[in-house]
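Scroll down for the structure; my scribbles are underneath it.
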Amino acid sequence: MSKATPILSLKNVSKVFAGYRALNDVSLEVYPGKVLCLLGDNGAGKSTLIKVLSGFHEPTSGTLEVNGVTAVFKSPKDASNVGIATVHQFGGTFPLMSIGRSFFVGAEPTKGRGIFKRFDKKYANETAVREMQQLGITRVTDGDRLIGGLSGGERQASAIARAVHFGANVLILDEPTAALGVKEAAHVLRIIMQARNKGVAVILVTHNVSHALTVGDHFAVLIRGEKADDFAKGERTREQITDLMAGGEAMAELERELSTLTGTINQIN
Amino acid sequence: MSTQVKKQSVGFGSLIRRPEFGALIGALAVYIFFAIAGGAPFMAPGGSASWLNVAAELGIIALPVALVMIAGDLDLSVGSVLAASSMTLAILSGFYGLPTWVGIIAALLVGTLIGIANGYIVTKTNLPAFVVTLATLFAVSGLTLGLTRLLVGSTAVSMTADPTTKALFGTLLDGKFSVAIFWWLGVAVLVSWILYKSIFGNWIFAIGGDVISARATGIPVAKVRIALFAASGFGAALVGVLQTCMYNGAQVANGQSFVFNSIIAVVVGGVLLTGGYGSTIGVILGTLTFAIVNQGIYYTGWNADWAALILGILLLIAVLTNNTFRRLALSGGNKKEKKN
Amino acid sequence: MKISRFAKATSLFAVSALALSLTACSASPAPSESKPASTDGIDVYVIGGMPSDPFWGVVKSGAEAAANAVEAAGGTVTWLGPQNYDNLGPDAGKLVDSAISAGAEAIVVADWVPDAENEAIKRAVAAGIPVIHYNAGGIEQADATGALTYIGADDYVAGVAGGEAAALAGAKHILCVNTVPGSANQEARCAGVADGAAKHDATGEQLPLPSSNFGNPTAVANAIKAALTKDPTIDGVVTIGVQDADSAASAIEQAGLTGKVQLGTFDLSETQLNRIKDGTQLFAIDQQPWLQGYLAVSAAWQYAQYGILPASRPVLTGPSLVTKSNVDVVIAGVAAGVR
């Protein structure tokens, strides 16, 4: 790993909800121009971690650092102010808004002055379409079209384009490929690499090991709120990662149980 | 309104993909239906005034309610707000004899304040607006009744507006057309501007689409929602003022029918009950559809017992049609644009 | 009767527009004061509407006037009213049972929903308590429950009086505007209007307006205007309530038929009286609610204490027609809270 300052780092972060420990003593570092893959099964604490990073939750203990300086996110706005942008599974979150309008939600361009100050729809539509085309979504030419009419990959692209346009330097992608077909997923992975090459630090949250291995520079595996492993590209095989994510003992128990019903696990394979 | 520069989309294909297309069909269909069934009296100026007058008052309430609904909330309190504001005006200017304009300002203030209270409670407690405004509907109606009886000792208060305010709020032009129609036009222009031209409008759509994401982008969600509830309270109060000036008095039981009629007009107009989608043209058309059905039946000479049945069926058809057209809008229909 | 109109509207809208109280409990008896049962006088229990209802406020004033005499004789008068009108029949039945168990020695009850109330009333009669029906139900229900008599108005009779008055003033085709179609009281009123008109060579017909117009004078006014425009032979309009009368007045004006179409209404309000005084309205039909409260309480007490009872059954308190000739004295009565 490089010795550069991480753009964002977590130090011994824990998050407790009403007695339930969703995150326990997690430390992570994210570098510009690198992709950190956050792996874990359902309920491993990935969502909580994202919410801590994007300012929805404050950690119960531990600290966040931005460029080596301790930061406290009181709200999502604080996180986005330092350039952290989060894109959710379904990408464009406003399915019934037009591409142009949703692209600029919360940062609307205006023209005119005083009481004539108004939303600049032409600029919004043109910019949104241009940014998406730069990410290879050439099918979209009309900024008036509704987000909901786009394919899953196009919606991811519009959300990523939006984040990049507004100067995000940390991009958190929450299961961007989970709902996509093979081809669309590949396209989204390509867009992730484009963002990475622009120097953006990407946190890719997924439970798809293949996708992670394709684009990841660094990996962290979460199990029941704890960081179970942390390694750089090439340090683990796909099988090692899959076994780890599946969760050791629990899996062995399940296999034993299954074998009483169906014979040994080898027979199933 | 669309000053689109991109290569696009004139003609029928894009027209049917507009959200208000279903509402337009509905309005035209009921008009033609009643024009045939009601004949000349329905189409005469007096007949048009019938449904325009009803539509105007409903529309003044429905347009701000539509904004509330596009932002994903609901306002059921408009019925009681109307009663409270018209009572405020009648008591201040009728019973206590203050100048009419004092009563009008107080009435509009009462409506706006109730709206702000709704918005404040909804955003502070995170309870569904349905529950909060239902509670306000009851509470305000009780408060109005209680205070009115306490102050006046009756539930009906009469008031005579001074000539200027009577002309502005409560006259019939040509003996037929209520001035409320012009107030409705004004409200329609204002609401359209807010929704499409101001950045505030973009926030309304965003909050209705996904309130969490909207908050994450830095939109002052709570303030926007409170402002929208205030607008809806103001709209209801304005109708209270118009009716009080028109009918020279107020009754505590007034306005309750606007609670559901405004939601019907908004939904028939293509606004999504769950928020995030809708248009002012659609709401205007939905309001007209409601008013034409509401009044048209009396020109047919049929037994008016069936009016509510027709209204119910119409509502169902309208919502189904709107769903179809919304699906069309989402499908985008871009076979022609395949490039890669 | 006003109460059924409100009860109907509230149930139709699922929001009780007039539900005063925020407390959900609607059935709990609410004695306005709890007094120890007196030993010598008669304890009269009165089951009536919500005192906040303007109509019942006047009834209650009448009952209170009669209570002076009861109390002078060492008795008490207790008013029991429902919290709201959402579940009127069963609530009123429960109030009757409450009165029985509270030791009532005479009961005055409005039989709004006979199916729901009569069983309880029969229990009171069976317990030997003198019962008087008032305001609603008519003499038929008093006979059914074994009550002494009925004191109140008769909707049909009132309608006949209205129909006759309109026809005598020259109207030939009278429209009875019913904003609570399906309510037995209002149907009886409109039927009475038609029959009254028929006595003087005029015809009457009903215009039912659906609940989706409730509380919206503009919708009601324009619907009436539509009916007047559609059928130019209509030259008389009778409405079932005071607000509808205001709407009808506006409709007549909008249709340009002022002076050509006569207007009359059931019930009273200041605006009606002013219009009658100005000559733009023909009449208002008063069922004299104050008299209902006063007579019913007096009769119940007098029978329980002295065995005195009016010989005429039923005792009708209305209709009393308010026209230009007697409007001034009525206006004075409104100011005194007895009309």
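Protein chains in written order, with my numbering: chain A, 359 to 627; chain B, 395 to 734; chain C, 1154 to 1492. For each residue, glycine too, the CB sits at the ideal point set by N, CA and C. All figures in this text were calculated on a predicted structure; none of them were measured in a lab.
A1398(C) versus Q1434(C) - alpha carbon distance: As a working note, residue 1398(C) is residue 245 in the third sequence. As a working note, residue 1434(C) is residue 281 in the third sequence. Taken atom to atom, the span from the alpha-carbon of A1398(C) to that of Q1434(C) is near 9 Å.
Sequence-distant residues of the same chain with beta carbon closer than 7 Å to D1307(C), five excluded per side: Counting from 1 along the third sequence, the entry for residue 1307(C) is found at position 154. The residues are G1291 and L1469.
Cross-chain neighbours of V448(B) in chain C, by beta carbon under 7 Å: The residue you call residue 448(B) lines up with position 54 of the second sequence. Near V448(B) (Cβ distances below 7 Å), the residues of chain C are T1371, A1372 and N1375.
For R476(A), the residue or residues it bridges with in DSSP: Locating residue 476(A) in the first sequence gives position 118, counting from the first residue. Looking at the DSSP assignment, R476(A) forms a beta bridge with K469(A).
Rounded straight-line distance, which links the Cα of F452(A) to that of R720(B): Along the second sequence, read from residue 1 onward, the residue named residue 720(B) stands at position 326. Along the first sequence, read from residue 1 onward, the residue named residue 452(A) stands at position 94. Using only the alpha carbons, I get a separation of about 14 Å.
Buried or exposed (CB count within 10 angstroms, at least 16 for buried), M481(B): What you label residue 481(B) is simply residue 87 of the second sequence in a count that begins at 1. Per the 10 Å Cβ criterion, buried.
Exposure of N400(A), with buried meaning 16 or more beta-carbon neighbours within 10 Å: In the first sequence, counting from the first residue as 1, residue 400(A) sits at position 42. With fewer than 16 other Cβ atoms within 10 Å, it is exposed.
Per-residue contacts from A1408(C) into chain B (C-beta, under 8 Å): Numbered from its first residue, the third sequence carries residue 1408(C) at position 255. The contacting residues are G440.
Residue range of the beta strand (DSSP E) that includes H1326(C): Counted from its first residue, the third sequence places residue 1326(C) at position 173. Note, H1326(C): beta strand (DSSP E), H1326 to N1331.
Cβ-based contacts, 7 Å cut-off: residues of the region 543-569 of chain B near chain C: For the region 543-569 of chain B, which is checked against every Cβ of chain C, the residues closer than 7 Å are R543, S548, T549, A550, S552, L566 and G569.
The region 1429-1448 of chain C in contact with the region 593-604 of chain B per 3-pair CB rule at 8 Å: These segments do not touch.
Rounded C-alpha distance that separates G466(B) from Y693(B): Counting from 1 along the second sequence, the entry for residue 466(B) is found at position 72. Counting from 1 along the second sequence, the entry for residue 693(B) is found at position 299. If you take the alpha carbons of G466(B) and Y693(B), they lie about 37 Å apart.
Contact between the region 566-584 of chain A and the region 532-550 of chain A (3+ Cβ pairs under 8 Å): Taking 8 Å as the limit for Cβ pairs, the verdict is that the region 532-550 of chain A does touch the region 566-584 of chain A.
Proximity test, Cβ basis, 8 Å: F652(B) and chain C: For this step, residue 652(B) is matched to residue 258 along the second sequence. Output row for F652(B): interface = yes.
Inter-residue CB distance, V662(B) and L709(B) (contact presumed, cutoff 8 Å): For the purposes of this step, residue 662(B) is taken as the residue at position 268 of the second sequence. For the purposes of this step, residue 709(B) is taken as the residue at position 315 of the second sequence. That belief holds up - the Cβ atoms of V662(B) and L709(B) are roughly 6 Å apart, short of 8 Å.
Contact with chain C by P435(B), beta-carbon distance below 8 Å: Working through the second sequence from its first residue, we reach residue 435(B) at position 41. Yes - at least one Cβ of chain C is within 8 Å of the one on P435(B).
From G511(A), H523(A) and L454(A), residue whose alpha carbon lies closest to that of V540(A): Your numbering for residue 540(A) matches position 182 in the first sequence. Looking at the Cα atoms, G511(A) is the closest of the given residues.
Exposure label - R1466(C); buried when at least 16 CB within 10 Å: Within the third sequence, the letter at position 313 stands for residue 1466(C). Under this definition R1466(C) is an exposed residue.
Minimum Cβ-Cβ distance from E1539(C) to chain B less than 8 Å: Since the first and last residues shown for chain C are 1154 and 1492, residue 1539(C) lies out of range.
Reduced DSSP category for Y1456(C) - H, G, I as helix; E, B as strand; rest coil: By 1-based counting over the third sequence, the position of residue 1456(C) is 303. Secondary structure at Y1456(C): helix, using DSSP grouped into helix, strand and coil.
Cβ pair A429(A), V440(A) closer than 8 Å: Translated into positions along the first sequence, residue 429(A) becomes position 71. Translated into positions along the first sequence, residue 440(A) becomes position 82. Yes, they are a contact pair.
A443(A) and A526(A) closer than 8 Å at C-beta: On the first sequence, residue 443(A) is found 85 positions in, with the first residue counted as 1. On the first sequence, residue 526(A) is found 168 positions in, with the first residue counted as 1. The answer is yes: Cβ separation under 8 Å.
Selection from A600(B), T668(B), A533(B) and L486(B) that minimises the alpha carbon distance to G643(B): Here residue 643(B) corresponds to residue number 249 of the second sequence, with the count starting at 1. Taking only the C-alpha atoms, the option nearest G643(B) is L486(B).
Per-residue contacts from A616(B) into chain A (C-beta, under 9 Å): Your numbering for residue 616(B) matches position 222 in the second sequence. None at all; the shortest Cβ gap to chain A is about 12 Å.
Candidates A460(B), A434(B) and L483(B), of which the one nearest M640(B) by Cα: On the second sequence, position 246 is the one that residue 640(B) refers to. The shortest Cα separation from M640(B) among A460(B), A434(B) and L483(B) belongs to L483(B).
Neighbour flag for K1325(C) against chain B, beta carbons, 8 Å: In the third sequence, residue 1325(C) corresponds to position 172, counting from 1. Not an interface residue.
At least 3 beta-carbon pairs within less than 8 Å: the region 649-657 of chain B vs the region 447-462 of chain B: By the Cβ criterion, the region 649-657 of chain B is in contact with the region 447-462 of chain B, since at least three pairs of Cβ atoms, one from each stretch, lie closer than 8 Å.
Opposing strand residues paired with R379(A) [DSSP bridges]: The residue labelled residue 379(A) in the question sits at position 21 within the first sequence. Beta-bridge pairing links R379(A) to V374(A).
Per DSSP, cross-strand counterpart(s) of I599(A): Here the question's residue 599(A) lines up with position 241 in the first sequence. Paired residue(s): none; I599(A) is not in a bridge.
Length of the line joining the Cα atoms of D1264(C) and E1270(C): If you number the third sequence from 1, residue 1264(C) lands on position 111. If you number the third sequence from 1, residue 1270(C) lands on position 117. For the pair D1264(C) and E1270(C), the Cα-to-Cα distance works out to about 7 Å.
Interface residues of the region 501-512 of chain B facing chain C [CB-CB below 9 Å]: Here the close residues number zero.
Element boundaries [alpha helix (DSSP H), containing I457(A)]: In the first sequence, residue 457(A) corresponds to position 99, counting from 1. For I457(A), the enclosing alpha helix (DSSP H) starts and ends at I457 to F461.
For G580(B), the first and last residue of its enclosing alpha helix (DSSP H): Taking the second sequence and counting its residues from 1, one reaches residue 580(B) at position 186. The continuous alpha helix (DSSP H) containing G580(B) extends over residues A574 to S586.
Where Y692(B) meets chain C, residues with beta-carbon distance less than 9 Å: Taking the second sequence and counting its residues from 1, the one referred to as residue 692(B) is at position 298. The answer, in chain order, is L1360, L1362, N1375, A1376, I1377, K1378, A1379, A1380, T1382 and K1383.
Neighbour flag for F477(A) against chain B, beta carbons, 8 Å: The residue you call residue 477(A) lines up with position 119 of the first sequence. Closer than 8 Å: yes.
Proximal residues of chain B, C-beta to C-beta of G525(A) below 7 Å: For this step, residue 525(A) is matched to residue 167 along the first sequence. Per Cβ cutoff of 7 Å: no residues; G525(A) is ~14 Å from chain B at best.
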